[in-house]
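What follows is a set of notes on a single structure, which appears directly below.
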């Protein structure tokens, strides 16, 4: 080691498993559990109304489509739900602004 060992940068490897978000069935935990609750409710309603042979397969198809969508969302952005909630929370505080190439409003000239 050199004399100025305190000035040297310490290299610490960052493991991917330590920084990766925990997923549940390939999607965000809250979204997957909400989908599960909705599908179970849908299966119950459809089974009561149309019979178990229609309700359960339709709910199963809804589950497969929903979990496919949630997995694709998690691959593109694992924190999409948190970003959406934060954007909705700050919407009133940060109003939308016009673009630099937006059309200007036409005002009447009262001369």
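Numbering (our numbering), first residue to last: 1 to 111. For glycine and all other residues, C-beta sits at the position ideal for the given N, C-alpha and C.
The Cβ atoms of residue 81 and residue 28 sit closer than 8 Å to each other. In the DSSP assignment, residue 27 is bridged to 24.
Just so you know, the alpha carbons of residue 73 and residue 108 end up roughly 47 Å apart. Between residue 43 and residue 59, the C-beta gap is smaller than 8 Å, which places the two residues in contact.
DSSP, read as helix, strand or coil, puts residue 48 in helix. Under the DSSP assignment, residue 84 falls in the alpha helix (DSSP H) whose first and last residues are 80-90.
Taken through DSSP and simplified to helix, strand or coil, residue 93 comes out as coil.
Rounded to whole angstroms, the gap between the alpha carbons of residue 30 and residue 88 is 17 Å. Residue 57 sits in a helix when the DSSP states are folded into three classes. Burial is judged here by how many other beta carbons sit within 10 angstroms of a residue's own beta carbon; residue 32 has at least 16 and is buried.
A direct Cα-Cα distance of roughly 25 Å separates residue 78 from residue 12.
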